[in-house]
Structure formats: C-alpha cells, structure tokens
Amino acid sequence: MLMMMLGAVQLGAAAACVVVLVPMGMAGWHLSRNKMLFFSGALFISLAICVHLTPYFPSVPDFVTSVSSAVVFDHRSSCINLVNEISWEVKPNASFHHFNNTQNSSSIADFYDKRWDWSDSYKLKACEFTKLSKSDASDLLNGSWVVIAGDSQARLFTLSLLNLILGPQSQRMDSVRADLFKRHSDYSVLVNETGMKLDFIWAPYVMNLTNLVMNFKTQKNCPDVMIMGAGLWHMLHFTNASDYDLHLHILKTQVVSFLPFSTELAMNEPVTGSVPIKSSHLFWLGMPVLINGMLNTEEKRAKMNDAMWHAYDKALGDSKLLRQ
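Read left to right, the sequence shown gives residues -16 to -1, 1 to 308 (mature numbering (1 follows the signal peptide of the UniProt record, and there is no 0)).
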C-alpha cells in the first residue's frame, strides 16, 4: 500500500512538472518586467499543485490518531512487563531490641517492618503505577464473586487480598488466618461491607484447575474474577517440565472455550463450542522465585532447583496460556 501511494505521488509530481512548470518557465521571461505579476502567478500555480497532490496523502487527524494509538499500545505493553520491578525496604521495628536469639528462628521476620515500592527509574515513573488502597479495592470488587484456585502460593495471595479488603488491624483477620491455613482445604468468606464473595479452592495441580474450569462450564456459571496458579507441587512430585507443559495446553483449551468470546478472534466472533455465560476476568499467578537455602527439606532442595524452575517457567510461556 505504501509503495503504491509513493508511486502515485511521484507520477503526480512528474505530471505537475510537465503541465505546470514548463509553461510557467516559458511565461517567466515575458513576465520578468512585471515581478508582482510573476510572483502572483507562481503562488497561484503552487497552490494548484498542492490541491492536486492532497488526495494522495492521508488526512492529518487520521495520521495523528494512528500514531497516538501505536504509542499508547507500546506504552501499555512495556508497562505490563515492568509491573514486577520492585524493591524492598526492610527495617527493624520496635520489638527488635527485645528479640531473644534463643527464640524460634521462624519468628525473626516479625521483628522487621517491610515496605515495597516500584524501583526508581524513568520508565517506571512514566507508567504511573499506583498502589490500591482498601477503599479502591472494595470499590472494584463490590458485589463480585472472586475465586482463587491453586497451591500454597494462591493461598498466600488470598490472605493478602483479604488483608487489603478487611484491613491488617481487623480482628476478623485472626479467624481468617486460622481457617484459611487449615491443611489442604478450601475456604469461603462473604465480606458483608462490600457484598464480595471469595472462594479459595485448593488445587495444587494444573489438572485440578482444568477440572474446576470444566465444572464452571457445566454449570454455565462463572465467577466475576478468577485467579489461578499451580506448578510447585508438580515440580516437587513429578519434576517433569514437559508433562507440566502438556497439562497447561489442556487447561488453555478449556479456558478458551470457557470464555464467551476469544481473545484471538474479532471481538464479535463467538468461540466454537463456547457456552452462553458471562465473561470473567482471568489471571494467572506465576511461581515465586525459589531460594534454595529457604527450602526446608533435602528433597525440595534437590528437585526444586534454579534450572528446574526456569524449565517450568519456559513451559508456561510455551503453552501460550498467558496473553502475549
């Protein structure tokens, strides 16, 4: 298309030179004694050339719109990749000075105040990331049904979300922690203040997530927000990235048909085999970076090493489960 447009412009310019500039040059000698008449004629002919060539160029508003759209898209994509670029500030709190070294080492973290923020860089500042407050999160999830399914990482995410919604000083959080961390169990809660219903579903393997999605399809009902993530248990008990990749592909097939519209098609084209259900906001929880020294068994330190973590992370990327 661009080559055709350039060819048309060149042809128009050549025609203008032959039709306009040659007679103009011939008339120039005759008009040389009257310079005002000469320049008036030149200006008139130049304007005629501009009018002649204008149809071959896109309009300025269309051009500006297309450029701005491209800039917004690139900016959004780059910001998504930068959202996890954070840094931590860790300081001893008031209880630190009363800490007894003979105490259980697992409680050391309680004597430090931890605060995170996005790294200080020009690109991150341009993204204008903002932390959600309790009121922001409550407004966004007001009256929503939220399902969080996965392994221990998903359970910790559930605790963080409820901590944000209810407030860290809420007495209710004590009972939430006690009930949420019952071994290998599901958990449900209704936040009366906002009408948000939250279900945590223990699903340590991708196969469990696939079955969960299929159940929602069968019931023709789906949550407003669904957050999934699994991989640590598979890494520990199977240690096979290829098998993990296979299960992710199966999950992707179910998730795509689970949606009323495909992200890979035009927005008004239904997915073949999809069911008439409301749309969900779907998110995937990535596996945390594993620190070998903090793994509490020899089996975990042997199987859940850095090379295996990268193999599982690559399998997730290859599965195309995430929006590219």
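Beta carbons are placed, not taken as given, at the ideal position from N, Cα and C, and that holds for glycine. The structure presented is a predicted model; accordingly, all values stated were derived computationally and were not measured.
Check your understanding: Using the C-alpha atoms, what's the distance from Gln203 back to Lys98?
Key -> Separation of Lys98 and Gln203 (C-alpha to C-alpha, rounded to the nearest whole angstrom) is 43 Å.
Practice item. Can you tell me which of Val173, Tyr296, Ser226 and His265 puts its alpha carbon nearest to the alpha carbon of Phe242? Key: His265
Check your understanding: Quick one: does Ser71 have its CB under 7 Å from some CB of chain B?
Key -> In the structure shown, chain B cannot be found, because there is only a single protein chain.
Review point. Exposed or buried, what is Leu70 when buried is set at 16 or more other beta-carbons lying within 10 Å of its beta-carbon?
Key: First, the amino acid is wrong: residue 70 is Ile here, not Leu. Label assigned to Ile70: exposed.
Check your understanding: If you check the beta carbons only, do Met191 and Met292 fall under 7 Å apart?
Key -> no
Review point. Just the Cα atoms here: how many angstroms apart are Met210 and Ala110?
Key: Rounded to the nearest angstrom, the gap between the Cα atoms of Met210 and Ala110 is 29 Å.
**Study point:** Residue ranges of each beta strand (DSSP E) within the segment 161 to 199, 3 or longer
**Key:** 171 to 175 and 180 to 186
**Study point:** Residue ranges of each alpha helix (DSSP H) within the segment 89 to 133, 4 or longer
**Key:** 106 to 111 and 118 to 124
Review point. Hey, quick one: how far does the beta strand (DSSP E) through Phe141 stretch, first residue to last?
Key: Element bounds for Phe141: not the beta strand (DSSP E) but the alpha helix (DSSP H), Ser136 to Leu150.
Point to revise | Rounded C-alpha distance that separates Ile185 from Leu148 | key: 20 Å
Check your understanding: Less than 7 Å separating the beta-carbons of Ala133 and Ala187?
Key -> Their beta carbons are under 7 Å apart, which means Ala133 touches Ala187 by this criterion.
Exercise for review: Return the chain-ordered ranges of every alpha helix (DSSP H) run that is complete within the segment 255 to 296 and spans a minimum of 4 residues.
Suggested key: If only complete runs of 4 or more residues are kept, the segment 255 to 296 shows the alpha helix (DSSP H) at 282 to 287, in order along the chain.
Practice item. Answer yes if the segment 141 to 160 comes into contact with the segment 119 to 128, meaning at least three C-beta pairs across the two stretches below 8 Å, and no otherwise. Key: yes
Practice item. Could you name the residues of the same chain whose beta carbon sits closer than 8 Å to that of Val197, not counting the 5 residues immediately before and after it, in chain order? Key: Leu235, Gln238, Val239 and Phe242
Exercise for review: Using the Cα positions of Ser62 and Asp135, report the straight-line distance between them to the nearest angstrom.
Suggested key: Going by the C-alpha atoms only, they are around 29 Å apart.
Review point. What's the C-alpha gap between Arg161 and Arg167?
Key: 12 Å
Point to revise | Distance, Trp268 Cα to Leu306 Cα | key: 8 Å
Review point. Helix, strand or coil: how does DSSP classify Ser71 here?
Key: strand
Review point. Roughly how many angstroms separate the alpha carbons of Phe200 and Cys206, rounded to a whole number?
Key: Spanning the two alpha carbons is a distance of roughly 6 Å.
**Study point:** Helix, strand or coil at Gly215 according to DSSP, with G and I counted as helix
**Key:** coil
Exercise for review: Output the boundary residues of the alpha helix (DSSP H) element that contains Thr237.
Suggested key: Ala225 to Phe242
Review point. Residues in its own chain within less than 7 Å of Val74 by CB, not counting five upstream and five downstream?
Key: Closer than 7 Å at the Cβ level, and outside the excluded window around Val74, lie Tyr96 and Lys98.
Review point. So Leu108 and Leu174 are in contact, right, with Cβ under 8 Å, and what is the actual spacing, rounded?
Key: Not really, about 37 Å apart at Cβ, beyond 8 Å.
Practice item. From the DSSP output, read off the bridge partner residues of Met210. Key: According to DSSP, Met210 bridges with Val131 and Leu266.
**Study point:** Rounded separation between residue 338 and Arg139 - CA only
**Key:** Look at the range of the chain in this structure, -16 to 308, and you will see that residue 338 is not part of it.
Check your understanding: When burial is assigned at 16 or more other CB atoms within 10 Å of the CB, is Ala286 buried or exposed?
Key -> exposed
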